[in-house]
Amino acid sequence: MATMITGDCINCGACEPECPNNAISQGDPVYVIDPLLCTECVGFHDYEACAAVCPVDVCVTDPNNVEAEDVLIARARTLHPETTFGESFQSRFRKGSAEGTSAPAAQPPAAEEKPAAAPTPVPAPQPVAASAPPVAAPAPAAAKPAPPPAAPKPVPVKQEPRPKKSFPNELPVSFQEADEKYGGGGTINGKAVRLAVILFQPIIGALPHDIKKRLEVAIQSPWFTAAGSTAANILHNAMLYPIICAAVAVARHGMEIIFSKDINSYFLIGIILAVIEGVYRLRDGIFHAKPADEMRFPAAIYGVPLAFVVEPLLAKFTGRVRDIPIPVDGFYSKGFVDKLERERRYGNIYTVEDRGGAYLVRMEFPREMPDIIVANSPELPREMPDYDYDLALRDSQLIVKGKCLDDNVRKISSSVGAFPPEFTTVIPFQQRLAGFAHQFENKRLDVLLVKA
């Protein structure tokens, strides 16, 4: 039966790029699926891609439009004449049945009950080994063809480092030299300052989320993260708040209360306050099951006034202009398309930092081959081949063009939705730019744009 979208759709658009047949489009008032183009992803996946990424589970099967697997694969072959679908094409109709079919294949011998009677005579004629093997040989011979020979998956060949590219308006110096000359003031380079931030993160974790993320980018160390500093601050507050409540008790009743049982109620109030605040600050993970890198960590009670003191000190060290966007919420199962990897294929995963005399753009290129490919392509590597790229400055804009050059990958990407073989990203700036320097390594492009 074809898939349909119910009226509860929130118009997030997550399903549209995932459809391998381009069957999904914006309707009025919600997205719709063309039943003449929908193949329920037969031939491409063993699940329905739109249902996999839908955050509100409104992509459901249409009970009024029942279609068999042979009809759906025939439609897929018609829609994608350039793609060869083998007999072992992926299909949700076959998911989980592979084991069920293999077991009966080995069991069917009703003759297995006859050999059950044969085993008794077999031990007796053991001396007659000459006649026994011919009888025993057919059984193994019939069992051997059952498992098909598995072709070894090719190991990706490590590519040689590519020669450095140069573009118009590029500075006649290396990226490191340009960074030393123009990039000062945007990151924390002093070892003493970095160490102080790491050591004092139980207190720094009380600050608002945006300040902690800016510090995380500036520090560039696994020893300091917004999530880690927040966790350290929550533990810190579990000790700090009871002490503050005890101090309030001493101020109200005098020092003698410390030696009485009444002090316990003040300690309990402090612990309860710390727990309530901790649950509120971690609510994205506790109540919405978000991973740590997509959670927002609000400030502690005293974090907001502390931010007014810290903000001027951080201004000259951190200058995050643009964060990596968070994809559509929902559906974090590992069995489905990774949302960040999908955004890399569209050139959307990049950050912009203001480093004083220059802007630093860091863009991540695609890293893994998507799972939304045809079933008969085991020759493709698991790791995405390196993209070629072009850079240009035009009217205070950086234009980045990425392009996959691998012919096998491009052949498949042209027939599969949500897998463009190339992208163009335009990054605007408020200030005129004089030139840039760049480097590309480990599938990450760094561009330092010098302000005029």
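So the sequence shown is numbered by the numbering used here: it starts at 281 and just counts up by one.
Just so you know, even glycine gets a beta-carbon here, dropped at the ideal spot from N, CA and C.
Which residues DSSP lists as bridging Cys525, in chain order: One-based indexing of the sequence shown puts residue 525 at position 245. Cys525 pairs with nothing; no bridge assigned.
Go ahead and label Met643 buried or exposed: buried means 16 or more other beta carbons lie within 10 angstroms of its beta carbon, across all protein chains shown. If you number the sequence shown from 1, residue 643 lands on position 363. Buried, by the Cβ-count rule.
For a test of the three-state rule: what should DSSP assign to Ala569, helix, strand or coil? Taking the first residue of the sequence shown as position 1, residue 569 is located at position 289. Looking at Ala569 - three-state DSSP - the assignment turns out to be coil, as it is neither helix nor strand.
With Thr358 as the anchor, note down where its alpha helix (DSSP H) starts and where it stops. As a working mapping, residue 358 is identified with position 78 in the sequence shown. First-last of the alpha helix (DSSP H) with Thr358: Glu349 to Leu359.
What does the alpha-carbon distance come out to for the pair Asn301 and Phe645? Translated into positions along the sequence shown, residue 301 becomes position 21. Translated into positions along the sequence shown, residue 645 becomes position 365. About 25 angstroms.
Looking at C-alpha atoms only, which residue of Cys318, Gln370, Asp288 and Arg355 is the closest neighbour of His325? By 1-based counting over the sequence shown, the position of residue 325 is 45. Closest option to His325, Cα to Cα, is Gln370.
Evaluate Gly287 with the Cβ neighbour count: other Cβ atoms within 10 Å of its Cβ, from every protein chain shown; 16 or more gives buried, anything less gives exposed. In the sequence shown, counting from the first residue as 1, residue 287 sits at position 7. Gly287 should be labelled exposed.
Per DSSP, which one or two residues make a beta bridge with Gly682? On the sequence shown, position 402 is the one that residue 682 refers to. Partner(s): Tyr669 and Phe703.
Can you tell me whether Ala396 is helix, strand or coil according to DSSP? To locate residue 396, count along the sequence shown from 1; it is residue 116. Residue placement at Ala396 is flagged as unreliable, the pLDDT there being 43, under the threshold of 50; the coordinate-derived value follows with that caveat. It is helical.
Since Val641 contacts Tyr630 with CB under 8 angstroms, what's their CB separation in whole angstroms? As a first step, residue 641 is located in the sequence shown; it is residue number 361 there, counting from the start. As a first step, residue 630 is located in the sequence shown; it is residue number 350 there, counting from the start. The Cβ separation is near 6 angstroms, so the contact holds.
Would you identify the three-state DSSP class for Asp687, choosing helix, strand or coil? For the purposes of this step, residue 687 is taken as residue 407 along the sequence shown, with counting starting at 1. Three-state DSSP puts Asp687 in a helix.
Do you know whose CA, among Lys570, Ala354 and Leu562, lies nearest Ala580's CA? Here the question's residue 580 lines up with position 300 in the sequence shown. The residue with the shortest Cα to Cα distance from Ala580 is Leu562.
Just checking, does the stretch 328-344 make contact with the stretch 712-731 on the three C-beta pairs under 8 angstroms criterion? no
With which residues is Val641 paired in a DSSP beta bridge? Here residue 641 refers to the residue found at position 361 when the sequence shown is read from its first residue. The partner list for Val641 (beta bridge, DSSP) reads Val632 and Val727.
First through last residue of the beta strand (DSSP E) which encompasses Cys330: Here residue 330 corresponds to residue number 50 of the sequence shown, with the count starting at 1. Where Cys330 is concerned, there is no enclosing beta strand (DSSP E), although the alpha helix (DSSP H) it sits in stretches over Ala329 to Val333.
Rounded to whole angstroms, what's the CA-CA distance from Gln406 to Met664? Just pull it up for me. The sequence position of residue 406 within the sequence shown is 126, counting from 1. The sequence position of residue 664 within the sequence shown is 384, counting from 1. Caution applies to Gln406, whose pLDDT of 47 falls short of 50 and renders its modelled position unreliable; the model cannot decide the point.
Given this structure, state the Cα-to-Cα distance separating Gln500 from Pro315, to the nearest angstrom. Taking the sequence shown and counting its residues from 1, the one referred to as residue 500 is at position 220. Taking the sequence shown and counting its residues from 1, the one referred to as residue 315 is at position 35. Cα-Cα distance, rounded: 49 angstroms.
Which residues bound the beta strand (DSSP E) around Ser545? Taking the sequence shown and counting its residues from 1, one reaches residue 545 at position 265. From DSSP, Ser545 is part of no beta strand (DSSP E) but of the alpha helix (DSSP H) over Ile543 to Arg561.
Provide the residue(s) that pair with Glu663 in DSSP beta bridges, ordered along the chain. For the purposes of this step, residue 663 is taken as the residue at position 383 of the sequence shown. Bridge partners of Glu663: Glu648.
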